[in-house]
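Quick note: the sequence shown uses full-length UniProt numbering, first residue 1, plus one each step.
Yeah, the Cβ is synthetic: ideal placement off N, Cα and C, and Gly gets one too.
Here the structure comes first, spelled out in structure tokens, and everything after it is commentary.
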Amino acid sequence: MPKAIFPAPLAAMLVASAGKKYRPSNGTEGEIFISHWCFACQRDKALREDRDVFECDDNERCDIVGNTMCYDVEDEKYPKEWRIGNDGQPCCTAFVPAGDPIPTPRCERTLDMFAEAP
Numbered sequence: 001m002p003k004a005i006f007p008a009p010l011a012a013m014l015v016a017s018a019g020k021k022y023r024p025s026n027g028t029e030g031e032i033f034i035s036h037w038c039f040a041c042q043r044d045k046a047l048r049e050d051r052d053v054f055e056c057d058d059n060e061r062c063d064i065v066g067n068t069m070c071y072d073v074e075d076e077k078y079p080k081e082w083r084i085g086n087d088g089q090p091c092c093t094a095f096v097p098a099g100d101p102i103p104t105p106r107c108e109r110t111l112d113m114f115a116e117a118p
């Protein structure tokens, strides 16, 4: 898992925001986040291997980074994967370490046997 990007005192203040969507406050913070998470993720060959995104197959690129730049954090299309973690550090819940197999997505039509009833 990538290392923390925020200093410990700042992360401690953000623990109360755990689970909320994360949006970098500026371009520098965004570059730091992307370099720690996306450059080390199996989902995005373009970033990981410094390739042209148009040379990659659809299954070799991740649309999360682009969508964070296209949509406002309050928009329903803003990626839910970028969150504040339980430790107060920003994280990507879709992260797969480079070299690991990408898990098969869970079928959205299959009910969870152990979920609480609505």
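Could you give the C-beta distance for Gly-27 and Ile-84, rounded to a whole number, given that I count them as a contact under 8 Å?
With a Cβ gap of about 19 Å, Gly-27 and Ile-84 do not count as contacting.
Could you tell me whether the region 82 to 101 touches the region 34 to 49, where touching means 3 or more Cβ pairs closer than 8 Å?
When C-beta atoms of the region 82 to 101 are compared with those of the region 34 to 49, three or more pairs fall below 8 Å, so the two segments count as touching.
Within 10 Å of its beta-carbon, does Val-65 have 16 or more other beta-carbons around it, so buried, or fewer, so exposed?
buried
Measure from the alpha carbon of Glu-79 to the alpha carbon of each residue in Ser-17, Asp-112, Asp-100 and Tyr-22, then state which is nearest.
According to the sequence provided, residue 79 is Pro. The question's Glu does not apply to it. The option with the nearest alpha carbon to Pro-79 is Tyr-22.
Residue range of the beta strand (DSSP E) that includes Arg-83:
82 to 84
Ends of the alpha helix (DSSP H) at Cys-70?
64 to 70
Looking at Arg-43 and Cys-62, is the spacing between their C-beta atoms short of 8 Å?
yes
If you draw a straight line from the alpha carbon of Met-13 to that of Phe-6, how long is it in whole angstroms?
Cα to Cα, the separation comes out at about 11 Å.
Can you give the Cα-Cα distance for Leu-10 and Gly-88, rounded to whole angstroms?
8 Å
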